[in-house]
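Numbering (UniProt numbering), first residue to last: 1 to 183.
Just so it is clear, CB atoms sit at the ideal spot from N, CA and C, and this is done for glycine as well.
These numbers come from a predicted model, not from an experiment.
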């Protein structure tokens, strides 16, 4: 029997739309984790209902191929709805950077995540142009993820930078608009 499930958030969102879980015995699942992007709070709530015997908070991890390893993890003590994608692992630094002028932002201010880690790739093979656009001269990797960190240092992904709708008053997340429209 499966007792630990790890999946992509998109797969979890698909599962959350299943109308009737009662025909399946999911009581053996005691741990659940998602990684690669944000797990929306509504999906976290659906997974809690689907897997009633979870023995700890639903975990979320964040990383990318370019960074080699997961760079965040959830605290088991933090409520799932507040944890976002977790806190940085010890070997990693993150700054949230303004899309307008590349300045570092403070808590609860939205911008692009830039990551500094000793495990960052050297370059994109045979693509110096991609490397130059993705990595700053001082070694910060521009993730393309748009979000913020809160007062407890938890990172929260809102969307991908490329998927934002840019207005004169700021950015609007397409994912947030879709979630709002479907609720």
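C-alpha gap between residue i and residue j, whole angstroms
i	j	result
residue 26	residue 124	42 Å
residue 126	residue 72	29 Å
residue 2	residue 43	20 Å
residue 142	residue 49	36 Å
residue 159	residue 23	34 Å
residue 104	residue 64	21 Å
residue 51	residue 132	44 Å
Own chain, CB closer than 6 Å to residue i, minus 5 neighbours either side, in chain order
i	result
residue 156	84, 147, 148
residue 36	8
Reduced DSSP secondary structure (H/G/I, E/B, other) of residue i
i	result
residue 120	coil
residue 184	Nothing about residue 184 can be reported from this structure: the residues present for the chain run from 1 to 183 only.
residue 105	coil
residue 129	helix
residue 17	coil
residue 30	coil
residue 100	coil
residue 136	coil
residue 70	strand
Own chain residues within Cβ distance below 7 Å of residue i, not counting five before or after
i	result
residue 46	16
residue 12	34, 39, 43, 47
Proximal residues to residue i (C-beta, below 8 Å), its chain only, five neighbours per side dropped
i	result
residue 10	37
Boundaries of the beta strand (DSSP E) in which residue i is found, first to last residue
i	result
residue 168	Careful: residue 168 lies outside any beta strand (DSSP E) and carries neither H nor E.
residue 142	141-149
residue 91	Run containing residue 91: none; DSSP gives neither H nor E here.
C-beta neighbour in chain D for residue i, strict 9 Å
i	result
residue 6	The displayed structure is made up of one protein chain only, and chain D is not part of it.
Host alpha helix (DSSP H) of residue i (start-end)
i	result
residue 43	41-50
Expected contact under 8 Å - CB spacing of residue i and residue j to nearest Å
i	j	result
residue 145	residue 108	Going by Cβ atoms, the distance from residue 145 to residue 108 rounds to 16 Å, so no, they are not a contact pair.
residue 99	residue 66	In fact, because the Cβ distance is near 20 Å, the residues do not count as touching under 8 Å.
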